[in-house]
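Report on the structure given below.
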Amino acid sequence: MLTTTTVTRTTLTPHGSNLISLISPVEMPNGVLCVFGTIFPQLTRKGAKSLALERKVMLMKMKNKSSGPSSIPQSERIYLNVTAEGGKQCYFHCSNLWTVGRSVDAISDHMGLKNNNDQAGVDQLVMEYQGEVLVMGDKLCDNTQSGDTVNLKYIPPS
């Protein structure tokens, strides 16, 4: 039986002597916990304060490794961990003033993904966050914050 405690936007689930950071835990038949098919690394410290520190350290690492337009001022940047179909992954910074559609365009150009969102009747490249597809016209900062993981995937035309 899993017991969970919600801390801000992350759920902590006891597993052995360490805690695993999860969005929505799923227990696999072998007892391993995963989210959307990805097994998350175990945290080395316990507690809400350690989780906040862990998130700050992760964000610092993302800032050092991220790529994106250099014309975006530091104060306007949102740093995202982006995964795409085919196992591609990168850290990318976008402007908090951009819409989701503008962010998808910039990220797909950077990652070399085929983006036919301007054509009807073909698969559309969309941004998914916590299992939900984000609306292209919404502001990115209304749906995500720095340090979040988003997924780019293709969906068939509707």
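Just so you know, the numbering used here puts 76 at position 64 of the sequence shown, and the rest follows in order with no gaps. Just so you know, even glycine gets a beta-carbon here, dropped at the ideal spot from N, CA and C. As the structure is a prediction and not an experimental result, all values here were calculated from the model.
The region 56-135 is shown to contain whole alpha helix (DSSP H) runs of 4 or more residues at 60-77 and 112-123, in chain order. Just so you know, the alpha carbons of TYR141 and ASN155 end up roughly 8 Å apart.
Look at LEU137 here: in three-state DSSP terms it is strand. Contact between the region 90-105 and the region 123-141 is present: three or more C-beta pairs spanning the two stretches fall below 8 Å. With fewer than 16 neighbouring CB atoms inside 10 Å of its own CB, ALA64 falls in the exposed class.
Bounds of the alpha helix (DSSP H) holding LEU152 are 152-155. Taking 7 Å as the cut-off, the beta carbon of GLY133 is found closer than this to the beta carbon of PRO169. Per the coordinates, the alpha-carbon of PRO85 lies some 30 Å from the alpha-carbon of GLY143.
Beta-bridge analysis with DSSP links VAL145 to GLU140. Burial is judged here by how many other beta carbons sit within 10 angstroms of a residue's own beta carbon; GLN136 has at least 16 and is buried.
Counting only the Cα atoms, GLU88 lies some 12 Å from PRO81.
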